[in-house]
Amino acid sequence: MDRDLFHKCVEGNLLLLIQAFRKKFIIPEFDAFAKKINEIYKTVEKQRDGHVADYIPHLAKFSPDLWGVSLCTVDGQRHSVGDTKLPFCLQSCVKPLEYAIAVHEAGTEQVHRYVGMEPSGLKFNQLSLDEEDKPHNPMVNSGAILISSLIKPGSNKAEKFDYVMEFVKKMAGNTYVGFSNATFQSEKETGDRNFAIGYYMKEKKCFPEGADMIDALDFYFQLCSIEVTCESGSIMGATLANGGICPITGERVLSAEAVRNTLSLMYSCGMYDFSGQMAFHVGLPAKSGVSGAVLLVVPNVMGVMCWSPPLDRVGNSVRGIHFCQELVSYFNFHNYDNLRHFVKKQDPRRPSGDDRVNFTSALSEFALSSMDMDLKDYDCRTALHVAAAEGEMTGAQDQYLMSA
Ligand code: GLU
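Below you can see the structure in the form of structure tokens.
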């Protein structure tokens with residue numbers, strides 16, 4: 038390989054490579070971590086409780102034995118075990134994504150003029166609004182139906198669908214995202230409760246001016262019918278874990294504000310009537326759906342997609358919940374595990390105080406992209422001088438070599 042070819046190969050992935058060589062990944066011992074994930078997977082596989090949702094034929098056809106877990110870290114390191122390549126519908130797991138897109142587009146204030154941010158304490162498809170006649174939050178059906186009317190107002194149905202699909206694909210780093218028309222048709226046919234919620238919200242004037250309630254419902258049914266695999270779903274989770282930047286493509290998909298809001302609401306309202314217990318026992322933002330999907334986010338570390346169709350009494354995947362509990366019983370991922378003197382758990386993360394991406398690594402990237410590295414500031418120092426003065430000698434040397 039000559040110098041030019043080497044440059045071509047590394048230039049798009051320089052930060053990733055530098056982090057790899059310096060063992061600066063968020064989970065440095067990734068093989069050992071993946072091995073533990075496999076062990077947890079095996080333990081959870083033995084779980085036989087729960088029933089596959091059967092209110093529509095497309096869901097009822099899935100075997101109760103299906104079980105997959107994929108994870109993707111904020112550095113783009115990935116691991117999968119089990120049935121992770123089979124498509125399934127997002128169902129309610131689309132609610133946080135839909136909400137994130139709405140906030141990204143219109144901002145927090147505009148979205149929350151129409152929907153609350155408080156757990157409802159009621160079933161996800163309850164015919165109920167809060168004291169201000171708003172849906173309780175974006176993670177229940179009323180909230181998600183309302184939010185579907187806020188996305189791309191004024192566009193036609195096809196444009197709206199393409200717009201959301203585009204977002205979802207970007208979140209998944211252009212890996213598998215599909216659509217199940219069979220699910221969409223069945224959701225419409227069996228959606229009496231959702232129609233009732235729609236009419237109730239119409240009567241209470243919940244929708245923004247000019248919005249059509251039936252169109253909003255139709256769009257909501259389409260969104261529930263978007264398909265992913267565990268693999269692609271985990272990358273979506275990783276985009277949320279990474280503050281809105283997809284770790285596979287490096288593209289900013291969602292604003293930091295949209296992601297922060299979304300994770301907060303997943304934390305307080307994401308797991309149906311188990312949300313309080315999930316926050317208590319697992320301490321991480323998550324969202325489940327009747328397809329048996331559980332999207333789990335470990336902020337600043339990784340996204341995880343668990344999928345196993347049998348559901349418990351409240352509608353959460355039995356194996357999905359069990360996996361989340363096992364994960365935090367072994368690793369210190371619970372939001373409040375990091376308090377000093379807390380129980381002994383494993384921390385797979387790189388030791389703190391160790392900057393993941395120092396700024397000389399960033400300079401190396403600029404050098405490779407043919408930027409003029411001799412540019413000086415007011416006191417005639419180049420970026421290299423500044424890096425060296427900050428004590429980043431190794432990085433400074435790398436950068437010097439690359440620009441030479
Ligand atoms: N399509 C389902 C409904 O609106 C979503 C169910 C779910 O995953 O919570 O009832």
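First residue of the sequence shown: 38, per our numbering; consecutive thereafter. A virtual CB, placed ideally from N, CA and C, is assigned to each residue, including glycine.
(1) Tell me the residue span of the alpha helix (DSSP H) that contains H173.
(2) Within 10 angstroms of its Cβ, does L42 collect 16 or more other Cβ (buried), or is it exposed?
(3) Look up R115 in the DSSP assignment and give the residues it is bridged to.
(4) So, with DSSP's three-state summary, where would you put H371?
(5) For Q362 and A425, I'd like the C-alpha separation in whole angstroms.
(6) Along the alpha helix (DSSP H) that carries N267, what are the first and last residues, could you check?
(7) Closest to T227 by C-alpha separation, out of T266, L187, Y92, K197, would be which residue?
(8) On the DSSP letters alone, give me the boundaries of the beta strand (DSSP E) that G235 sits inside.
(9) Mapping DSSP to helix, strand and coil, what is A90?
(10) May I have a chain-ordered list of the beta strand (DSSP E) segments no shorter than 3 residues that lie completely inside the region 295–344?
(11) Any idea which residues DSSP pairs F216 with across the strands?
(12) Using 8 Å as the threshold, is the C-beta distance between G105 and D86 below it?
(13) Name the residue from E294, G320, T286, S271 whose alpha carbon lies nearest to the alpha carbon of G280.
(14) What does the alpha-carbon distance come out to for the pair P245 and V365?
(15) Report buried or exposed for L159, applying the criterion of at least 16 other Cβ atoms within 10 angstroms of its Cβ.
(16) Indicate whether the contact test is met: 3 or more Cβ pairs, each with one atom in the region 337–356 and one in the region 321–328, closer than 8 Å.
(17) Quick one: which unbroken alpha helix (DSSP H) runs of 4-plus residues sit fully inside the region 176–208? Chain order, please.
(18) Should P133 and T276 be called a contact, given that it needs their Cβ atoms to be closer than 8 Å?
(19) Measuring CB atoms only, is the region 177–195 touching the region 262–270, in the sense that at least three cross pairs come out at less than 8 Å?
(20) With distance defined between alpha-carbon atoms, name the residue in T286, T220, S179 nearest to K241.
(21) Hey, how far is the Cα of P83 from the Cα of R350?
(22) Look at the alpha carbon of T286 and the alpha carbon of D170, and state the distance between them as a whole number of angstroms.
(23) Hey, could you find the ends of the alpha helix (DSSP H) W40 is sitting in?
(24) L333 and E135 - do their beta-carbons sit closer together than 8 Å?
(25) What residue does the alpha helix (DSSP H) around N75 start on, and which one ends it?
(26) Contact defined as beta carbons within less than 8 Å: I believe V201 pairs with V214. What is the distance between those atoms, to the nearest angstrom?
(27) Could you tell me the alpha carbon to alpha carbon distance between N174 and S262, rounded to whole angstroms?
(28) Classify G235: buried if its beta carbon has 16 or more other beta carbons within 10 angstroms, exposed otherwise.
(29) So what's T286 in DSSP terms, helix, strand or just coil?
(30) Taking 7 Å as the cut-off, is the C-beta of C442 nearer than that to any heavy atom in ligand 1?
(31) Rounding to the nearest angstrom, what Cα-Cα distance links L187 and P101 in this structure?
(32) Given a threshold of 16 other Cβ atoms within 10 Å of its Cβ, counted over all protein chains shown, does N337 qualify as buried or as exposed?
(33) In the DSSP output, what is G419 paired with across the bridge?
(34) What did DSSP end up calling P133 once you bin it into helix, strand or coil?
(35) Mind checking whether the beta-carbon of V89 lies closer than 7 Å to any heavy atom of ligand 1?
Walking through what the data contain:
(1) Counting along the chain, H173 falls outside any alpha helix (DSSP H), and DSSP gives it neither H nor E.
(2) L42 counts as exposed, since fewer than 16 other C-beta atoms from the protein chains shown sit within 10 angstroms of its C-beta.
(3) For R115, which the question treats as bridged, DSSP gives the partners C109.
(4) Here H371 sits in coil by DSSP.
(5) Looking at the two C-alpha atoms, the distance is approximately 46 Å.
(6) Sequence inspection shows Cys at residue 267; the Asn mentioned does not correspond to that position. DSSP places C267 in the uninterrupted alpha helix (DSSP H) bounded by 267–278.
(7) Looking only at T266, L187, Y92, K197, the smallest Cα-Cα distance to T227 is reached by Y92.
(8) For G235, no beta strand (DSSP E) encloses it; the enclosing alpha helix (DSSP H) starts and ends at 229–240.
(9) Note: A90 maps to coil in three-state DSSP.
(10) Taking only runs of at least 3 residues, the beta strand (DSSP E) segments lying wholly in the region 295–344 are 323–325, 330–335, 339–344.
(11) Looking at the DSSP output, F216 shares a beta bridge with I263.
(12) The Cβ atoms of G105 and D86 lie no closer than 8 Å to each other.
(13) Restricting attention to E294, G320, T286, S271, the CA atom closest to the CA of G280 is found in E294.
(14) When rounded, the distance between both Cα atoms is 41 Å.
(15) Answer is exposed; the Cβ neighbour count stays below 16.
(16) A contact exists between the region 337–356 and the region 321–328.
(17) Counting only runs of at least 4 residues, the region 176–208 fully encloses the following alpha helix (DSSP H) elements, listed from N- to C-terminal order: 178–185, 194–208.
(18) Result no, Cβ atoms of P133 and T276 do not sit closer than 8 Å.
(19) No, they do not touch.
(20) Minimum Cα distance to K241 is reached at S179.
(21) Here residue 83 is Lys; the residue named in the question, Pro, does not match the sequence. Rounded to whole angstroms, K83 to R350 spans 19 Å at the Cα level.
(22) Rounded to the nearest whole angstrom, the C-alpha separation of T286 and D170 is 41 Å.
(23) Note on identity: in this sequence residue 40 is Arg, with Trp being the wrong assignment. Element bounds for R40: 40–48.
(24) Not in contact: E135 and L333 (Cβ atoms no closer than 8 Å).
(25) Run containing N75: 67–82, per the alpha helix (DSSP H) assignment.
(26) Their Cβ separation, rounded to whole angstroms, is 10 Å, which puts V201 and V214 out of contact at 8 Å.
(27) When only Cα atoms are considered, N174 and S262 end up about 21 Å apart.
(28) Counting the other CB atoms within 10 Å of its CB gives G235 a total of 16 or more, which places it among the buried residues.
(29) If DSSP states are grouped into helix, strand and coil, T286 belongs with coil.
(30) With the chain represented from 38 up to 441, any question about residue 442 goes unanswered, as that position is not in the structure.
(31) Going from the Cα of L187 to the Cα of P101 covers about 36 Å.
(32) Result: exposed.
(33) One detail in the question is off: residue 419 reads as Thr in this sequence, not Gly. Beta-bridge pairing links T419 to K413.
(34) For P133, the three-state secondary structure derived from DSSP is helix.
(35) Outside the cutoff, so no.
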